[in-house]
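Participant: Got a structure for you, written out below as structure tokens; questions coming shortly.
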Amino acid sequence: MKTACRDFDPPLYNEHVVAGRRSQYAMEPQIVQRNGDDVQRTASKRLMGKVAVITGGARGIGAATAKIFAENGASVVIADILDDLGTSLANSIGGRYIHCDVVNEADVESAVNLALTWKGKLDVMFNNAGISGPEGSITTIDMEQVKNLLSVNVNGILHGIKHAARAMIGGQKGGCIICMSSSAAIMGGLGSHPYSLSKEAIIGLMRSTACELGVHGIRVNCVSPHGVASEMLVGAYRKILGKKDMTPEEVSKIVGERGSLLKGRSPSLEDVAEAVLFLASEESGYITAHNLVIDGGYTSASSEMSFIYH
Ligand SMILES: NC(=O)c1ccc[n+]([C@@H]2O[C@H](COP(=O)([O-])OP(=O)(O)OC[C@H]3O[C@@H](n4cnc5c(N)ncnc54)[C@H](O)[C@@H]3O)[C@@H](O)[C@H]2O)c1
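In the numbering used here, the protein residues as written are 1 to 310.
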């Protein structure tokens with residue numbers, strides 16, 4: 001029986017890792033503004049020459065990731081259903097836009113094919129597209145709405161892994177697949193029932209596909225953010241709290257005060273994008289089958305009893 005180690009191509013892999021380390025240490029640090037704070041980053045372009053597809057890349061976390069990928073030297077294909085937003089973002093970062101409803105397998109295949117015809121390869125697939133809801137009690141849940149949510153959040157990601165894996169196996173240079181899960185997969189009570197179901201399913205799919213694809217040098221990981229004031233989250237807060245005019249700042253304030261161990265600090269779109277960049281880069285070259293949680297510690301520990309430390 002073949003093993004992952006024996007099938008691996010050590011020269012290729014070591015070359016990447018060594019190159020990543022060299023570039024990291026060779027560069028001077030750079031200060032950038034994120035979320036009003038100064039953040040120190042290495043000046044190296046961590047995805048130089050890489051080709052990426054981002055589903056749901058027209059706005060929110062996907063758009064922030066597209067910008068950070070491009071800043072780091074990647075050629076980015078944005079695949080979304082918001083054509084105007086997606087096209088203008090793609091134009092602004094020297095990328096490409098394609099209309100892609102992740103529910104349709106053929107659309108996702110076309111997005112991957114665009115990367116192949118444009119740049120001849122696919123290095124990074126970020127399966128990010130997702131929707132929230134339907135809210136409400138388990139006792140009255142509408143199964144058609146559940147099916148719709150699962151077709152986007154689960155089937156959409158499955159389509160992305162399938163076609164990215166085909167392209168990456170064909171390219172014989174490994175690759176990196178990142179799937180969007182959520183804090184709602186880890187802790188109950190943070191999303192609607194079908195949403196939690198979908199996001200936990202994604203972690204299972206990530207782990208099983210990481211098992212199969214490791215032999216090809218393809219890493220598969222998840223990110224699980226919590227409480228990012230995107231259009232999706234702000235829309236959900238407006239609906240649940242009945243406050244039509246609620247702003248992203250108000251949502252961030254609630255998350256910072258009640259949904260984070262880092263009191264007063266809530267996650268920005270860029271906090272998540274930077275974590276995705278890490279998983280897409282060679283700096284995470286030995287990380288696979290991992291779920292990187294970006295939640296200010298919220299799902300790992302409770303601060304309710306923290307008076308015992310003071
Ligand atoms: N905001 C948060 O706090 C949070 C937390 C955990 C996970 N997430 C996940 O992050 C991902 C991005 O969400 P966001 O918060 O940036 O919200 P968002 O609504 O701003 O972005 C979602 C993007 O996905 C696209 N999309 C939706 N359905 C699609 C489809 N069928 N085909 C292609 N694209 C589609 C939308 O057009 C949009 O561009 C989602 O999967 C979401 O579940 C968000």
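Backbone N, C-alpha and C fix where the C-beta goes; we use that ideal spot for every residue, glycine too.
Excluding the 5 residues preceding and the 5 following Asn104 in the sequence, name in chain order all residues of the same chain whose CB lies nearer than 7 Å to its CB.
Facilitator: none
Participant: Taking only runs of the alpha helix (DSSP H) that begin and end inside the stretch 90-159, which ones reach a length of at least 4 residues, in chain order?
Facilitator: 105-119 and 143-150
Participant: Assuming Ala70 and Val76 are in contact, meaning their beta carbons sit under 8 Å apart, how far apart are those beta carbons, in whole angstroms?
Facilitator: 5 Å
Participant: Could you name the residues of the same chain whose beta carbon sits closer than 6 Å to that of Ala236, not counting the 5 residues immediately before and after it, in chain order?
Facilitator: Ser132
Participant: Between the stretch 214-224 and the stretch 245-265, are three or more C-beta pairs nearer than 8 Å?
Facilitator: With contact defined as three or more Cβ pairs closer than 8 Å, the stretch 214-224 and the stretch 245-265 are not in contact.
Participant: Start and end of the alpha helix (DSSP H) containing Pro248?
Facilitator: Pro248 to Arg258
Participant: Helix, strand or coil for Ile205, going by three-state DSSP, please let me know.
Facilitator: The question names Ile, but residue 205 in the sequence shown is Leu. Residue state, collapsed to three classes: helix.
Participant: Can you give me the C-alpha to C-alpha distance between Ser198 and Ala301, rounded to a whole angstrom?
Facilitator: 24 Å
Participant: State whether the stretch 85-101 contacts the stretch 198-210, with contact taken as three or more CB pairs (one from each stretch) at a distance under 8 Å.
Facilitator: Contact between the stretch 85-101 and the stretch 198-210 is absent, because fewer than three Cβ pairs lie under 8 Å.
Participant: Count the other C-beta atoms from every protein chain shown that fall within 10 angstroms of the C-beta of Asp84, then say buried if there are 16 or more, exposed otherwise.
Facilitator: Result: exposed.
Participant: Looking at C-beta atoms only, is the number of pairs between the stretch 237-245 and the stretch 270-277 that lie closer than 8 Å three or more?
Facilitator: no
Participant: Buried or exposed for Asn180, please, with buried defined as at least 16 other CB atoms from any protein chain shown within 10 angstroms of its CB.
Facilitator: Sequence check: residue 180 is Met here, not Asn. The residue is buried, with at least 16 neighbouring Cβ atoms inside 10 Å.
Participant: Taking the beta carbon of Ala106 as the centre, do at least 16 other beta carbons fall within 10 Å, making it buried, or is it exposed?
Facilitator: That one is exposed.
Participant: What do you reckon, are the CB atoms on Ala74 and Val112 nearer than 8 Å?
Facilitator: No; because the gap between Cβ atoms is not below 8 Å, this pair is not in contact.
Participant: Thinking Pro225 and Asp295 are a contact (beta carbons under 8 Å), I'd like their distance in whole angstroms, please.
Facilitator: 7 Å
Participant: Give the single residue among Leu114, Lys162, Glu270 and Pro194 whose Cα lies nearest to the Cα of Glu144.
Facilitator: Pro194
Participant: Does at least one heavy atom of ligand 1 sit under 7 Å from the Cβ of Met125?
Facilitator: no
Participant: Can you grab the Cα-Cα spacing for the pair Leu190 / Gly86, in whole Å?
Facilitator: 29 Å
Participant: Should Val228 be listed as close to ligand 1, given that the test is whether its C-beta is under 7 Å from any heavy atom?
Facilitator: yes
Participant: Where does Leu213 fall in DSSP's three states?
Facilitator: helix
Participant: Check each candidate in Ser260, Ile287 and Gly170 and name the one with the smallest Cα separation from His216.
Facilitator: It is Gly170 whose Cα lies nearest to the Cα of His216.
Participant: Below 8 Å between beta carbons: does that hold for Ser196 and Ala184?
Facilitator: Contact: yes.
Participant: For the putative contact between Glu231 and Gly60, defined by C-beta atoms under 8 Å, what is the C-beta separation to the nearest angstrom?
Facilitator: 6 Å
Participant: Quick one, are the C-beta atoms of Ala63 and Leu89 less than 8 Å apart?
Facilitator: yes
Participant: Can you have a look at Thr299 and say buried or exposed, based on whether 16 or more other CB atoms are within 10 angstroms of its CB?
Facilitator: buried
Participant: Measuring only the C-alpha atoms, how far is Gly264 from Arg258?
Facilitator: Note on geometry: alpha-carbon atoms of Gly264 and Arg258 lie some 9 Å from one another.
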